[in-house]
Structure formats: structure tokens, C-alpha cells
DNA sequence: TACCAAATGTGATCGCTGTTCACATACAAT
DNA sequence: ATTGTATGTGAACAGCGATCACATTTGGTA
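Put into C-alpha cells, the structure is as follows:
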């Protein structure tokens, strides 16, 4: 793309803008994500963004959907790897959820911002459904599950607790000055504390 | 204040601005909270706000601290009332946490916004410490606790799960279209699911 | 090949935002 | 009464999201 760079038409602006959001959010935080900054980073005029997204919120919605997919994939990989290793897949999925939030806090924040996202956007809804389906199915299939079409209280407890701890880490006062490995230790202890509530995986 | 309204000096602008944040956030959401809107609501020039708060973030920080105190008080009341009624205080405190988030979503959001708050502000830190201390002490003293100076894995599990469910309700896709009472039922089921993990209250 | 319609990018401009600063006014202590 | 300090004002600034008429490129069709 360096030599073949077109003077006028970018070619793939919609996705490039998403990448710009990604970069800026990772480096400077979500509040630093500005339409103008994204456009500048891509090398395009600010107004160009509106050819591909109705407004800033639509761009952030697309970014959130992308982040949700990443999280879904992360969880799926964690399960596969744990099952291949014969280790506790439930714990692995829980930890993967929390690790994702710690490693990509801006993504994690962006995913769950009702007020800066069009929560009815079809792609966003689809991404949220994909994640929910993962968790409905016995926490990614790591625990026994009678009804994969609904969230059982246990499944919801598992989701809520990892989601809540992730939030407390990222936004809140828990383990604030501590290192990543300390936080992971804290998380592991919490997950093990609830482990007895869940039947072993049915594989 | 109508007749005695002073032409120039407001008298208690700092707190009035906090009330304005409160009103606007409750009515129109946190994103609608604007310095200019707050000033207009109080009947004062926009620049006046800067005599009392260094910047917008400082104002939001003060508001967050206030909201944290409200939550602490809500939890304390729930415990007292449950203990007076001889009902399960642990469950009552858990439910009070979630109810607070459902009834005042803008407050709940404002409390935990690392990026729009000065998390090192002394009042904010004090408020967060107060809440944490509540929960460290055996979840407001509703469950047995060996070491009130640290969060045990169980205590953290309880906090994380109610915090996480509150977030999933307020920001996320869980029980989205459902009524308040349905959500409370879902919450209650989740809390009961983890109840067996906790020793009875020591009173 | 020549042409034209649709898609994509631009620059100027708008209203709103947070913030600053010189200035105006009120209060409190002497 | 005077004076110093606290508090409120109005005009200004740059940066933001957004709009719109216009410029350029692309891709299909004749």
C-alpha cells in the first residue's frame, strides 16, 4: 500500500477507522478517541468518516461489536486449550474473561457502554448474542447444563462474578496498585471459591 | 430562596452544582451532564463553576464520591432492617446493591468511571474506602469473617457477583427488555445460588 | 472507447463544549 | 469606612461532532 497509495480514495476506510479506534483507545484510552483523531491517523479528512458511519456512536458501536467477537474467540480458545490439556476448563474460561479485561481495558470498557453505543444495532446485537450463547451453553460447555437456551442462576453467577471482578479491576478500587500477576492470583482465588458450586464438565 | 434570592452571590454553589449533576444525570443520563447545563440549571454563568471545581472531572469526582456514600448507607440500612426482621441479612445486602444500581443507573455508572474521575482525589478515595470496609467486614457483617482488614476470596466473590450482575443489567444485554421485578427475581435466584458458600451470620 | 451515475473524499462552516482571564460585585474583618 | 478576599460574569479561545455543496475516482453500460 505504500507505493500504490491512492491520492484520493482510500479503499478500505471503514475498517481502517476501526483500527484507528483500536490504536488510540489502546494507547490513550477510550476518552481520547475522537473522530478527528481517527481521521488524522488514517490520513483522511474528518468529514470522510461520515460516509461510512452515521455518527461517532455508530463507529463506537462497530468497535464494540468487534471487541465482543474477540472476547468470544478468546473464551473459545481458552476452553479448547484447557480441554486439550485435561485441565479445568471452567476455571480456564473464567480466567480468560478476566485476563481479557486486564490486557485490553479500553476494549472491555467499550463493549459495555450503553450510553455511547447503539445497543440495537444488528451487528452489535449479533455479537452480544454470540457471547451470551457461549455462556448459556454451560459456560462455554465447561459445566453441565440442562437448558442451553436460557441462563441458569448458576451460569449467571459465573458470568456476573467474572464480569464484576473484571470491572472492579478495570474501573474500581480493587487491587489498584498491584501487579498483573497479583491480580490474576486474586482472580484465581475467587474463581476457586465458587468452583464447588458447579458440576464437572460433561465430556 | 425565591424572594431572598441574591442577585450576585449564590451562597452554596458547590453543592447546588452537585444537585444539578444529580438531576440532569437522573433525567437525561450521564452523557447529558454538561458544565453549561449544570450552570444554567442553577442559574449561574458557566464560568462560575470553576471557582468551586478545578474542572469538569473534579465535579464528577465529587458526585461519584457522594454516590458511593449513598450506596454505603443503602447497604447499611438493608443490613439493619434485615437483622431487625430476622431475615437473611446477606441476601438483603446483596439485593440492596443490585437494587441501587437499577434504581439509579446514572449514579451507579458515575461511581465507577475511571476515565472521567480523579481516582486519587482524597474524598473519592475516602468514600471508596468506606464502601470497601463495609464489604471487607464480612459483607457488612452478614457473614463470618476472619480478617476484617482484607477481602477474602469469598467476600470478593460476593462483591464481584452483585457488582457484575448490576453492570450486566445496567450496561449489558442481560434481561434487557424485562421489568424491574423480573430483574429482581433473576438477581435473587443468582444470590441464592451462591448462598450455600457462606457461613451464617455471627450475631 | 466514451460516458455517466454512484460511491467516496474534501473544505468550509455551524453550534456546542470545556476552559481561561480580566473584570465586577459582594462579604467579612478591621 | 476601608480593604482584602471570595465569589460571580462576559467575552474569548481551541477542539469537538456534524452538515453540505463540491471534487474526484470508480465501475458498469452503451
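Protein chains in written order, with my numbering: chain L, 75 to 277; chain P, 75 to 277.
Note that beta-carbon positions come from the ideal geometry of N, C-alpha and C, so glycine has one too.
For clarity, every value in this text was computed on a predicted model and none was experimentally measured.
Is the beta carbon of residue 175 of chain P sitting closer than 9 angstroms to the one on residue 273 of chain P? no
Simplified DSSP assignment, three categories, for residue 213 of chain L: helix
Pairwise C-alpha distance: residue 94 of chain L and residue 256 of chain L: 31 angstroms
Do residue 209 of chain L and residue 268 of chain L count as a contact pair if the criterion is CB distance below 9 angstroms? no
8 angstroms Cβ shell around residue 91 of chain P - same chain, five flanking residues per side excluded: 112, 113, 116, 123, 126, 127 and 133
Helix or strand or just coil, what does DSSP make of residue 252 of chain L? coil
Just mark residue 89 of chain P as buried or exposed, buried being the case when its beta carbon has 16 or more other beta carbons within 10 Å. exposed
Among P/228, P/141 and P/190, nearest to residue 211 of chain P - alpha-carbon criterion: P/228
Taking C-beta pairs closer than 9 angstroms, name the residues in chain P that residue 267 of chain L reaches, listed in chain order. 226, 227, 228, 230, 231 and 271
Beta-carbon separation of residue 206 of chain P and residue 153 of chain P under 9 angstroms? no
Applying a beta-carbon distance threshold of less than 8 angstroms, which residues of chain P neighbour residue 263 of chain L? 227 and 230
Quick one, are the C-beta atoms of residue 200 of chain P and residue 139 of chain P less than 9 angstroms apart? yes
With a 10 Å radius around its C-beta and 16 neighbouring C-beta atoms as the bar for buried, classify residue 102 of chain P as buried or exposed. exposed
Using the C-alpha atoms, what's the distance from residue 104 of chain L back to residue 177 of chain L? 14 angstroms
Please tell me whether residue 136 of chain L and residue 181 of chain L are closer than 9 angstroms, where the distance is taken between their beta carbons. no
When you compare the CB of residue 109 of chain L with every CB in chain P, is at least one pair closer than 9 angstroms? no
By DSSP, does residue 86 of chain P sit in helix, in strand, or in coil? coil
Using a C-beta to C-beta distance shorter than 9 angstroms, which residues of chain L count as neighbours of residue 242 of chain P? 186, 230, 233, 234, 237 and 238
Using DSSP with H/G/I as helix, E/B as strand and the rest coil, what is residue 261 of chain L? helix
With burial defined as no fewer than 16 other Cβ atoms inside 10 Å of the residue's Cβ, what is the status of residue 179 of chain P: buried or exposed? buried
In the structure shown, what three-state DSSP assignment does residue 181 of chain L receive? helix
How is residue 98 of chain P classed by DSSP in three states: helix, strand or coil? helix
Residue of L/170, L/223, L/236 and L/194 minimising C-alpha distance to residue 156 of chain L: L/170
Taking its Cβ as the centre, do 16 or more other Cβ atoms sit within 10 Å of residue 162 of chain P, making it buried, or is it exposed? buried
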